[in-house]
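Residue numbers (the numbering used here): 2 to 548.
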């Protein structure tokens with residue numbers, strides 16, 4: 002039985018590689034001895050340099066293949082793995098210096114060295130930026146017509162926050178148990194069937210992120226029109242999307258710095274707006290205390306349909322499940338970022354909508370996309386309203402940036418599994434999937450030229466909510482089919498919290514299918530097209546990971 006040898010303090014300085022890593026040599030090779038002690042090597046590697054022991058014959062290996070000396074680390078990123086493979090010393094080279102190998106290992110394994118991936122604060126920023134964007138600044142105008150009650154509208158936003166938080170708890174368990182980028186694409190493929198995962202990934206790739214980016218860009222153009230009257234909203238929207246795409250093509254670290262700055266600036270903007278509304282708002286008849294007729298509104302069809310817009314505003318609470326490979330300590334930080342981000346955004350939404358309803362009359366908000374501009378005009382006057390609209394534009398840039406980061410990672414993961422989509426998996430030396438990023442940007446530009454805001458929103462949200470429903474259902478399925486699966490984080494309140502999410506989602510989906518049939522069927526059509534593409538991909542070959 003072959004034993005592993007390590008460098009120990011002794012009288013030899015000239016060391017030789019272990020037999021399993023050494024170049025085959027004859028038994029007559031002369032030995033070199035010295036009286037200088039050799040340091041102890043404690044770093045973990047797949048092979049270890051071994052001293053030329055004074056009193057022990059040289060150990061020979063029966064292997065003829067010599068594996069290279071590679072450094073191992075938990076959860077290495079693709080970029081770090083490539084860098085390590087290039088820089089790690091190979092013990093199979095006869096000219097290797099053991100001291101150089103030791104110094105390299107010590108430098109790489111130093112505790113003070115910065116781990117690969119983004120931090121928890123950046124992960125929370127990604128969640129917040131994905132959530133706080135187009136929805137909260139645009140969707141209230143589509144809700145006040147069917148729900149003319151301040152209390153019913155706040156209950157609507159509270160129900161949306163409860164649904165999102167219950168979903169976040171369920172997604173946290175899946176992300177910790179199966180840490181891989183891709184979101185629903187990865188989860189549904191592992192739990193149900195690769196076809197289900199591909200369908201979800203297809204939705205995310207084609208419209209799941211491209212359409213919300215386009216909607217945020219549309220809102221950017223409309224709000225910017227309030228700052229500079231006469232400016233072309235479409236041209237401004239396309240230009241902003243292209244600028245953000247260029248920033249993200251510069252690499253993950255540049256994108257992280259840009260995202261952090263834009264997100265926390267947006268949160269500060271919202272807090273200032275809330276404070277100003279509380280101090281300067283005169284009140285325009287919105288009633289926030291419950292009345293007898295309000296409870297009937299809460300159980301009405303308009304409430305269920307309006308929940309589509311609210312859930313669109315909360316969309317993005319699962320953002321970090323799509324970029325697991327970019328996050329440091331994903332088993333801990335992904336579930337934590339989802340929960341913290343969702344709680345923070347729920348509080349911001351309730352306060353912000355209270356200010357909107359308190360600052361402007363409902364009849365002026367009804368049917369308007371730029372509700373923030375209307376409310377700011379009542380709070381600060383025309384000039385102040387323009388200034389606030391400009392700041393909201395900057396906040397929308399943060400949302401576009403977050404979705405521009407997340408969306409291409411889903412396409413990249415799909416490209417790793419399907420040969421038909423293999424070009425999407427290409428990553429440059431800075432860790433950016435450039436082909437996927439470019440394709441998503443083209444889809445966004447095309448969407449900006451077509452369709453209307455409300456129809457695009459309903460179609461996209463129906464298909465996304467259905468995929469989220471299936472994913473949370475998968476938590477319960479996995480508990481029964483794989484009870485022994487290692488779950489570092491378990492869904493708090495199980496099974497009540499997943500049931501709450503699925504109940505609210507199903508109620509909303511049924512009402513939307515009934516009231517907005519064509520938009521819902523368009524969402525189902527996107528899902529069917531994904532299954533057709535999967536069938537073609539399966540014929541061309543899927544990798545073992547997908548199967």
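Backbone N, C-alpha and C define an ideal beta-carbon position, used for all residues, glycine too. Here the structure is a predicted model, which means the values were calculated and not measured.
Rounded separation between residue i and residue j - CA only
i           : j           : result
residue 193 : residue 495 : 20 Å
residue 442 : residue 220 : 17 Å
residue 83  : residue 523 : Any answer about residue 83 is weak, because its pLDDT of 45 lies below 50 and its placement is not dependable; what the coordinates show is given next. Using only the alpha carbons, I get a separation of about 43 Å.
residue 187 : residue 309 : 25 Å
residue 248 : residue 162 : 31 Å
residue 201 : residue 467 : 9 Å
residue 223 : residue 234 : 6 Å
residue 377 : residue 230 : 16 Å
residue 293 : residue 150 : 11 Å
residue 595 : residue 218 : As shown, the chain starts at 2 and ends at 548. That puts residue 595 outside it, with no answer to give.
residue 340 : residue 175 : 13 Å
residue 197 : residue 528 : 9 Å
residue 481 : residue 399 : 40 Å
residue 457 : residue 510 : 16 Å
residue 493 : residue 170 : 6 Å
residue 165 : residue 311 : 10 Å
residue 393 : residue 514 : 33 Å
residue 535 : residue 490 : 32 Å
residue 315 : residue 268 : 15 Å
residue 484 : residue 279 : 50 Å
residue 184 : residue 191 : 11 Å
residue 226 : residue 257 : 29 Å
residue 477 : residue 465 : 19 Å
residue 438 : residue 132 : 20 Å
residue 332 : residue 365 : 47 Å
residue 244 : residue 507 : 38 Å
Classification of residue i by the beta-carbon crowding that lies within 10 angstroms, buried from 16 upward
i           : result
residue 70  : Annotation note: pLDDT 40 at residue 70 (below 50); position unreliable, coordinate value reported separately. With 16 or more other Cβ atoms within 10 Å, it is buried.
residue 371 : buried
residue 540 : exposed
residue 1   : Here the chain covers residues 2 to 548 and nothing more, so residue 1 does not appear.
residue 379 : buried
residue 533 : exposed
residue 322 : buried
residue 462 : buried
residue 531 : buried
residue 368 : exposed
residue 27  : Residue confidence is low: residue 27 scores 43 on pLDDT, short of 50, so the model does not pin down where it sits. Its coordinate-derived value is still stated next. So residue 27 ends up on the exposed side.
residue 409 : buried
residue 260 : buried
residue 123 : buried
residue 336 : buried
residue 327 : buried
residue 519 : exposed
Three-state secondary structure (DSSP) of residue i
i           : result
residue 214 : helix
residue 251 : coil
residue 419 : strand
residue 444 : helix
residue 76  : Reliability fails at residue 76, whose pLDDT of 45 lies under 50, so the model's placement of it is uncertain and the value that follows must be treated cautiously. Of the three classes helix, strand and coil, the one that applies to residue 76 here is coil, per DSSP.
residue 535 : helix
- Three-pair Cβ contact test at 8 Å for the stretch 134-152 versus the stretch 302-311: yes
- Answer yes if the stretch 119-139 comes into contact with the stretch 339-349, meaning at least three C-beta pairs across the two stretches below 8 Å, and no otherwise. yes
- Query: Are the stretch 434-448 and the stretch 498-517 in contact at 8 Å, needing three or more beta carbon pairs?
  - Reply: no
- How about the stretch 348-364 and the stretch 203-212: do they share at least three Cβ pairs that are nearer than 8 Å? no
- Message: If contact is defined by three or more beta carbon pairs under 8 Å, each pair taking one atom from either stretch, is the stretch 467-477 in contact with the stretch 227-244?
- Response: no
- Cβ contact check for the stretch 427-437 and the stretch 250-263: 3 or more pairs under 8 Å: yes
- Item | Contained beta strand (DSSP E) runs [length at least 3] in the stretch 300-354, N- to C-terminal order | none
- the stretch 263-272 in contact with the stretch 407-418 per 3-pair CB rule at 8 Å: no
- Message: List, from N- to C-terminal side, the alpha helix (DSSP H) runs of 4 residues or more that fit wholly inside the stretch 155-221.
- Response: 185-192, 195-204
- Could you give the uninterrupted runs of the alpha helix (DSSP H) lying entirely in the stretch 222-282, keeping only those of 4 residues or more? 234-250, 253-281
- In chain order, which alpha helix (DSSP H) runs of at least 4 residues are fully inside the stretch 429-514? 435-449, 454-482
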